[in-house]
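Following full-length UniProt numbering, the numbering of the sequence shown begins with 1 at its first residue and continues without gaps. Backbone N, C-alpha and C define an ideal beta-carbon position, used for all residues, glycine too.
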Amino acid sequence: MQAAAAAVRGFTADLYRTLASSRAGGNVVCAPYSVGLALAMTRAGAGATTADEMDTVLHAPYPRPSALDSGFNTVDQTLTGRYQDGDGIKQPRLTTANALWTRLDLVLRPGFRDTLAGYYGAAPHPVDFRGAPEVARQEINAWVSDRTNAKIPELLKSGVVSADTSLMLTNTTYLRAAWKYPFTVTATAAGPFTRDDGTVVDVPVMRGPFDRMGYLEGDGWRAVDVPYSGDGLAMAIVMPTRDDLAAVEAKLDATWLGALLTGFRTTDVQLRLPRWTFRLPVELRAALGSLGMPTAFTSQADFTAMSTEPALRIDDVAHETFIAVDEKGTEAAAASAVIIRPPSIPQGPQFFVNRPFLYVVHDRLTGVPLFLGRVHDPLVTGPA
Numbered sequence: 001m002q003a004a005a006a007a008v009r010g011f012t013a014d015l016y017r018t019l020a021s022s023r024a025g026g027n028v029v030c031a032p033y034s035v036g037l038a039l040a041m042t043r044a045g046a047g048a049t050t051a052d053e054m055d056t057v058l059h060a061p062y063p064r065p066s067a068l069d070s071g072f073n074t075v076d077q078t079l080t081g082r083y084q085d086g087d088g089i090k091q092p093r094l095t096t097a098n099a100l101w102t103r104l105d106l107v108l109r110p111g112f113r114d115t116l117a118g119y120y121g122a123a124p125h126p127v128d129f130r131g132a133p134e135v136a137r138q139e140i141n142a143w144v145s146d147r148t149n150a151k152i153p154e155l156l157k158s159g160v161v162s163a164d165t166s167l168m169l170t171n172t173t174y175l176r177a178a179w180k181y182p183f184t185v186t187a188t189a190a191g192p193f194t195r196d197d198g199t200v201v202d203v204p205v206m207r208g209p210f211d212r213m214g215y216l217e218g219d220g221w222r223a224v225d226v227p228y229s230g231d232g233l234a235m236a237i238v239m240p241t242r243d244d245l246a247a248v249e250a251k252l253d254a255t256w257l258g259a260l261l262t263g264f265r266t267t268d269v270q271l272r273l274p275r276w277t278f279r280l281p282v283e284l285r286a287a288l289g290s291l292g293m294p295t296a297f298t299s300q301a302d303f304t305a306m307s308t309e310p311a312l313r314i315d316d317v318a319h320e321t322f323i324a325v326d327e328k329g330t331e332a333a334a335a336s337a338v339i340i341r342p343p344s345i346p347q348g349p350q351f352f353v354n355r356p357f358l359y360v361v362h363d364r365l366t367g368v369p370l371f372l373g374r375v376h377d378p379l380v381t382g383p384a
């Protein structure tokens, strides 16, 4: 559990930094946990240099690859076992799903098929990629939409699936959670929010709650951990105290993220938080290549442990994340696809979120981050 949670934190930090640097000055949201599950399933069919690079990018624990598969299984079973039956109000609802989509005549190696079924619950779904790629795309998108409460209705855009698509591995992650201390809707009012370029916009600011929650200060930043009902999940919000958000993001690595998520101390916090909704679809081929796994996307890729079919490679990794934060709580969804071809106010710190900030939706017990993002402008709802 601990090794797998550390691996998720390491991959989360790496992928977020890469995405954030490519979207300077813009909002970001991603779910590296979802991407990691899809890549771990793909890694089960990799060999040689391809496998080594994927292990490095995923921060895979030793012994490799068995510890990666068993670790993800343990983390996912722990989280979904605790939250999959939640109603989203009294207890958070967190669900994940994995699937393997194969060309009708593709022969899978038994070991690969057994690993995906045993550790990831992903059974093969034969689809007619070759004869009806658009029908296959719509079927996969419908599967994703059904498992994300329609928040990710079209993970695979038109043209992504083609007649030469051989295999696809998908993950969905869905969260609905009410705040432990809901904000009072009638108290929400317009307030100033200063962006990093110095411009000021009026945004809807939620006021309260004036209750006990996690608080932490570090070098150039401070953070509050806002609990969801049930106390198991929380949203950590990090705001710079000097410089801009980029200075805080520069510190973000596995060690920093682990210290953040385990370092909170409970106190009374006066919280003001913008309301926001944001969606970000991204293609991760370039990002993952720059992180250290370029071979998987080339003709030199080795996925011989996956299938008897020669020369399989990853064409791209599609990822989309949605998050909505309001007075009641948070709804967030993510999907990933690896596409293979050929009241009275007590004394306490005030935490008025009125400038760009980071946020991490995480599990308190395991320290596993589920969704990570930044808000430069709460009024922006999607990529420009």
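Residues sharing a beta bridge with residue i, DSSP
i	result
residue 173	96, 334
residue 318	283, 337
residue 233	363
residue 191	203
residue 351	271
residue 239	222
residue 129	Answer by DSSP bridge pairing: none, since residue 129 is not bridged.
residue 102	126, 167
residue 325	276, 330
residue 357	375
Inter-residue spacing [alpha-carbon to alpha-carbon] between residue i and residue j
i	j	result
residue 383	residue 280	6 Å
residue 307	residue 200	55 Å
residue 96	residue 243	38 Å
residue 311	residue 133	20 Å
residue 2	residue 186	42 Å
residue 355	residue 245	9 Å
residue 44	residue 222	40 Å
residue 147	residue 348	41 Å
residue 78	residue 241	36 Å
residue 62	residue 195	43 Å
residue 228	residue 176	10 Å
residue 236	residue 224	6 Å
residue 70	residue 365	18 Å
residue 431	residue 136	Residue 431 cannot be examined here, being either before or after the span of the chain that is shown, 1 to 384.
residue 260	residue 360	10 Å
residue 93	residue 103	33 Å
residue 219	residue 374	19 Å
Per-residue DSSP class, three states only, for residue i
i	result
residue 77	helix
residue 225	strand
residue 140	helix
residue 181	coil
residue 384	coil
residue 216	strand
residue 120	helix
residue 62	coil
residue 372	strand
residue 48	helix
residue 166	coil
residue 391	What is shown of the chain runs 1 to 384, which leaves residue 391 out entirely.
residue 309	coil
residue 196	coil
residue 110	helix
residue 11	helix
residue 72	helix
residue 211	strand
residue 253	coil
Beta-carbon proximity list for residue i, same chain, < 8 Å, skipping 5 on both sides
i	result
residue 275	188, 203, 204, 205, 206, 325, 326, 327, 378
residue 13	252, 253, 254, 256, 257
residue 68	4, 7, 40, 43, 55, 58, 60, 61
residue 263	216
Residues near residue i by beta carbon distance below 7 Å, same chain, minus five either side
i	result
residue 113	124
residue 19	28, 30, 282, 287
residue 139	127
residue 180	227, 228, 229, 231
residue 52	none
residue 145	152, 153
Nonlocal neighbours in the same chain, by C-beta distance under 6 Å from residue i, ignoring five residues either side
i	result
residue 191	205
residue 296	50, 314
residue 333	148, 151, 152, 174, 322
residue 162	133
residue 32	11, 12, 15
Chain C within 9 Å of residue i, Cβ atoms only
i	result
residue 240	Here there is only one protein chain, and chain C is not present.
Query raised in the report: Of all the alpha helix (DSSP H) runs that stay within the bounds of the region 256 to 300, which reach a length of 4 or more residues?
Result: 285 to 291
Requested in this report: Let me know the beta strand (DSSP E) ranges lying completely inside the region 14 to 45, each 3 residues or longer, listed in chain order.
Outcome: 28 to 30
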